[in-house]
Amino acid sequence: MKVLVINAGSSSLKFQVIDMENKSVIAKGNVERINEGASFLKYKANGQEYKYDRDIKNHSEGLALVIEKLTDEKVGVLSSLDEIGAIGHRVVNAGEDHFDSVLIDDNILENLRMNVDFAPLHIPGSIAGIESAMAICPGKPNVAVFDIGFHKSVPEFVYKYPIPRRYYDKYKIRKYGMHGTSHYYVTQRCAELLNKKPEDINIVTCHLGSGASITAVKNGKSFDTSMGFTPLEGIMMNTRSGDLDPAVVEYICNKEGKTVSEVIRILNKESGLLGAIGNGIADMRDITANLDNPDVKLGFDMYCHRIKKYICAYIGVLGGVDAIVFTAGCGEHTPELREAVTENLEFMGISVDKEKNYNSPRGEEVLISSDKSKVKVFVIPTDEEMVIAEETVKTINNLK
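Following this note's numbering, the numbering of the sequence shown begins with 21 at its first residue and continues without gaps.
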């Protein structure tokens, strides 16, 4: 079976076509700047990369362009849409009734619309992607794979917030976590690299991209995770503040006459590394190239400190770990970050080999801990799309 995996954002649509017979990616790409002007499709297939500039007003037009290129006689990889057996969609969070992957029908779609408040920055894009797929590829099964799925195992005493219980009972306000497909994937791979079963390992997984989260994995299952009710909780990120005294929101509102929504937007879009450093710098490649700049170094140190704090806390609640895993863009490609985060942790049995950390091939699975380290430290490139494809096939097969 060939599965089309779709990850739709508010103005973007990322995709991969995965042949599940041999688990190979036969085409992938992304549509950017939907309804923002200067929109385009980046498309990779048959060892070639292409870019198509096109006025794309909505997700339906974006997906139609994707299908056009996938079935094109010259650059395509499919003879027709008939080759696509199913479509898997990444959906961030639709509440605690939706941890498990599910076949999408009209009732599920309506339920997603009713639960937009759980992920207002993400769910509208997911809905647009699903509706587009159902219209353009009629009759194909569509499966929603939820980003919070891996965190279903987080115990109640961890996911409950210390606020009046009525807010959970009435509104289901609790920790949900994100990046579940990534944390699940690297957990499975780490177990294989350790030559153990997932249920026999305790690890800390660090998904460090533009959005970032850290997860304590106990016996192969999520036990605690840094993101919470929304992706705003946890470590600081490219543009998100992460953990913050909630009274700061009221204080800024009172001082500047802003609404709560306006301040939350600032915490999501203008904070984190971008806010701490200033000058429009948030990309880790720019940061590591300018660490001699005091403002840049300060932002980098703030970021690394918060990551280290979560790692050490999670090692504590797990009672020790077998490994620490770095993944996603920053985690996979920034040795300076990995060095700073693991520095001076020898007392916890963690020691990184500097040569392995800096000189190992980028984008590959690498063990970077030293021979004397009691805790293994891995770099494991994530593959969220493969998890979505596997979940899609599994969900369809379970219905047979």
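Where a beta carbon is used, it is the ideal one built from N, C-alpha and C, also for glycine.
Residue i in three-state terms, based on DSSP
i	result
F35	strand
G145	helix
E69	strand
K328	helix
Y196	coil
G49	strand
D137	helix
K289	helix
A302	coil
I26	strand
I221	coil
T402	coil
L311	coil
L228	strand
Y187	helix
I54	coil
Y179	helix
S261	coil
D244	strand
G105	strand
F170	helix
S99	coil
I124	coil
N239	coil
L388	Before going on, a small fix: residue 388 reads as Ile here, not Leu. In the structure shown, I388 sits in coil (DSSP, three-state: anything other than H, G, I, E or B).
A114	coil
N215	coil
I234	strand
S59	coil
N162	strand
Buried or exposed by the 16-neighbour rule on C-beta atoms within 10 Å, applied to residue i
i	result
P401	buried
V341	buried
N162	buried
P175	exposed
V280	exposed
K217	exposed
M134	exposed
F166	buried
G44	Here the sequence assigns Ser to residue 44, which means Gly is not the residue at that position. Burial call: exposed.
P266	exposed
P140	exposed
E130	exposed
G292	buried
Cβ-based neighbour list, residue i, same chain, cut-off 6 Å, excluding 5 preceding and 5 following
i	result
G169	F119, G200
H353	R382
V397	I344, V372, I388, S389
G486	Only positions 21 to 420 of the chain appear in the structure, and residue 486 is not among them; the question remains open.
K289	T259
A296	G319, M322
K48	Q36, K64
T412	V23, A106, G108, V163
G248	K195
Own chain, CB closer than 7 Å to residue i, minus 5 neighbours either side, in chain order
i	result
I335	V224, V341, M368
H171	Y196, G197, G200, S242, T245
G298	D315
Q208	P218
V407	T201, Y204, Y205
K138	Lys is not the amino acid found at residue 138; the sequence shown has Phe there. Excluding positions up to five away in sequence, the list reads N113, A114, G115.
Y187	I193
Sequence-distant residues of its chain with Cβ nearer than 8 Å to residue i (five each side left out)
i	result
L294	N258, T259, G300, I301, A302
V337	A236, F243, D244
G349	L228, G229, S230, M304
L311	K317, F320, E356
I71	Going by the sequence as given, residue 71 is Lys instead of Ile. Counting only Cβ-Cβ distances below 8 Å, and skipping sequence neighbours, we find F60, L61, K62, Y63.
G29	H142, G145
N50	S32, L33, K34, F35, L61, K62
So does the segment 141-148 actually touch the segment 170-187, counting three or more Cβ pairs closer than 8 Å?
-> no
May I ask you to verify whether the segment 58-75 touches the segment 119-127, counting CB pairs closer than 8 Å and requiring at least 3?
-> no
Would you call the segment 312-326 and the segment 351-361 in contact, with 3 or more CB pairs under 8 Å?
-> yes
State whether the segment 150-164 contacts the segment 76-91, with contact taken as three or more CB pairs (one from each stretch) at a distance under 8 Å.
-> yes
Meets three-Cβ-pair contact criterion under 8 Å: the segment 268-287 and the segment 302-318 | no
Inspect the CB distances between the segment 36-54 and the segment 94-104 and report whether three or more fall short of 8 Å.
-> yes
Would you call the segment 101-116 and the segment 77-84 touching, i.e. three or more CB-CB distances under 8 Å?
-> no
Mind pulling the beta strand (DSSP E) runs of 3 or more residues that sit fully within the segment 321-382?
-> 343-347
Which ranges does the alpha helix (DSSP H) cover as unbroken runs of at least 4 residues, wholly within the segment 73-97, from first to last along the chain?
-> 79-90
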